[in-house]
Amino acid sequence: MSVAALRRAATESVAGLPRAFWWLWTSTLVNRLGAFVFTFLALYLTAQRDFSAAYAGLVASLIGFGGVIASMLGGVLADRLGRRPTLLGAQLATSATVAVLAFVRDPVWIAVTGFALGLASNASRPAIQAMMADIVRPEDRVRAFSLNYWAINLGFAVSSVYAGFLVAQSYTLGFLVEAGMTFACACVVFVKVKESRPERPVPVTGGALPKPVTMGTVLRDRRFMLMVGLSFLVAVVFTQSSVGLPIVMGSEGFTSADVGLVAAVNGAIIVALQIPLTRFIERRDPGRLLTVSSLLIGYGFALTAFAGSLATYALTVVVWTLGEMVNAPTQSGLVARLAPAEGRGRYQGVYTTSWSAAALVAPLAGGWVLDSAGAGWLWAGCAVLGTVTAAGYWLLMRGLPGREPALPVVAASKAAGTVENAPA
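My numbering puts the sequence shown at residues 2 to 425.
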């Protein structure tokens with residue numbers, strides 16, 4: 002592809018999205034430029050504090066447990082109080098909790114702080130996802146989710162490189178840097194991001210209001226709940242990138258800087274390819290995309306069993322990263338498509354719970370498998386879960402039309418802003 006073609010593809014990828022989206026995108030980028038504690042937490046606990054892999058898995062699971070609660074709560078709050086106050090409160094609480102984690106040393110208090118961190122950091126996700134669905138037209142949502150995912154990984158790629166060297170000098174300083182960047186993200190939201198929650202429907206004369214969307218409504222949506230279950234299995238595999246992978250690399254003598262460099266491959270690939278790949282995703286059947294992406298993720302992690310150098314570890318990261326790049330925006334777009342406007346917060350909250358639950362289960366399971374059976378069994382399990390998930394997605398999408406009809410976005414007019422081609 003020529004330079005002119007790449008430039009044209011990039012321009013088309015960012016064109017037509019509202020100004021409000023770009024401010025939300027900016028806040029995401031600022032946040033992810035400082036978000037690296039989860040990447041190095043397992044290594045910090047095992048290599049720096051001399052705790053066992055099982056204890057590191059326990060702390061990561063407590064973070065996941067806090068995330069399970071926060072995902073549900075954040076979704077409800079996003080629908081009831083609004084997207085913006087939920088997002089602001091979660092970001093401020095995350096900043097404070099990461100700062101506390103920099104100084105606690107007692108294993109009990111580390112575990113308690115980890116739970117609080119999971120509670121705070123995950124409460125913002127349903128609000129962000131619901132806000133994007135509010136302000137972006139249905140036909141543009143997969144593209145918007147891809148661009149947001151690109152921002153997440155641009156920040157991750159940058160932070161992983163410098164954070165590896167930063168925590169090699171001082172983990173405390175690294176945690177404080179993340180706390181400061183999260184606070185800066187909250188400042189962007191406070192100054193520039195407006196509320197986007199749709200107005201409550203008003204009945205016509207003689208008519209009745211539609212039934213409100215409750216958590217029970219979400220849980221009774223069978224197709225959606227099947228998707229949540231499959232998302233959980235994908236997340237169980239993917240969580241090994243921050244639990245199983247750093248522990249195995251550390252046990253083989255690799256340093257925190259080495260782990261950071263390998264982790265940065267994930268972000269670098271996404272930064273380089275996510276935007277051109279988005280044009281491919283928009284024109285393809287989501288069922289096939291989700292099926293193929295599950296296989297790439299599962300077998301990409303399975304290939305880690307054969308890695309022994311930084312180069313081979315990096316190659317395995319490339320494989321499962323390709324699956325991640327297809328899966329994440331496609332799945333986010335599907336959630337927005339299945340959720341009614343007045344219940345987007347709750348639907349996004351339940352969807353986010355699948356990742357939070359995986360963050361609870363996967364570290365415990367991964368730590369136990371590593372301690373009792375070895376890394377080979379862990380990576381083989383990833384292949385099995387990838388296969389099961391691929392089959393599940395194929396069944397899920399049967400009978401569902403491949404594309405969503407273009408419909409107007411129902412959102413508060415004050416949040417929609419004007420259509421822009423680039424961030425303000």
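C-beta: ideal position from N, C-alpha, C; glycine also.
Asked                                                                                                                          : Found
Contact the segment 131 to 150 vs the segment 352 to 372: 3+ CB pairs below 8 Å                                                : no
Pairwise C-alpha distance: A342 and T40                                                                                        : 34 Å
Coarse secondary structure for P341, derived from DSSP in three states                                                         : coil
L167 (DSSP reduced to helix, strand or coil)                                                                                   : helix
Exposure label - L118; buried when at least 16 CB within 10 Å                                                                  : buried
Segment contact flag, the segment 364 to 372 with the segment 253 to 266, C-beta cutoff 8 Å, min 3 pairs                       : no
Local Cβ density within 10 Å of A264, reported as buried at 16 or more and exposed below that                                  : buried
Classification of P213 by the beta-carbon crowding that lies within 10 angstroms, buried from 16 upward                        : exposed
Distance between N32 and I129 (C-alpha atoms, nearest Å)                                                                       : 13 Å
9 Å Cβ cutoff, D259 in contact with chain B                                                                                    : Absent here is chain B; the protein component of the structure consists of one chain.
Of the listed residues S53, R20, A43, nearest to S373 (C-alpha basis)                                                          : S53
Whole-angstrom C-beta distance between G268 and L155, which should lie under 8 Å                                               : 7 Å
Contact set for V189: own chain, Cβ-Cβ below 8 Å, skip 5 residues either direction                                             : W24, T27, S28, V31
Cβ-Cβ distance between Q349 and A61 below 9 Å                                                                                  : no
Closest Cα partner of L278 within the set S147, A134, S96, G375                                                                : S147
Inter-residue CB distance, T354 and S72 (contact presumed, cutoff 8 Å)                                                         : 4 Å
9 Å Cβ cutoff met for L290 and L386                                                                                            : no
Closest by C-alpha distance to W151, when choosing among I276, T322, R284, E283                                                : I276
Reduced DSSP secondary structure (H/G/I, E/B, other) of G254                                                                   : coil
Meets three-Cβ-pair contact criterion under 8 Å: the segment 298 to 306 and the segment 317 to 332                             : yes
Backbone secondary structure at V137 - three-state DSSP                                                                        : coil
Distance, L74 Cα to T218 Cα                                                                                                    : 16 Å
Contacts around Y45, its chain only, beta-carbon distance under 6 Å, and the 5 residues preceding and following it disregarded : Y172
Inter-residue CB distance, M133 and L397 (contact presumed, cutoff 8 Å)                                                        : About 22 Å; that fails the 8 Å criterion.
Identity of the residue in D51, V238, S96 nearest W380 by Cα                                                                   : V238
Pairwise C-alpha distance: G181 and L89                                                                                        : 14 Å
Rounded separation between T292 and V105 - CA only                                                                             : 43 Å
Given F296 as reference, the closest of T240, C383, W378 once Cα atoms are compared                                            : Residue identity check: residue 296 is Leu in the sequence provided, not Phe. When only C-alpha atoms are compared, the closest one is C383.
Simplified DSSP assignment, three categories, for K195                                                                         : coil
Option nearest R223 by Cα separation, candidates V351, A100, W110, V178                                                        : V351
Opening and closing residue of the alpha helix (DSSP H) in which Q241 lies                                                     : Element bounds for Q241: n/a, residue is neither H nor E.
Per-residue DSSP class, three states only, for T95                                                                             : helix
Distance CB(V194)-CB(R85) smaller than 9 Å                                                                                     : yes
Proximity below 9 Å, CB of L371 to CB of Y314                                                                                  : no
Cβ shell of I111 (< 7 Å), same chain only, five flanking positions each side left out                                          : V60, V105
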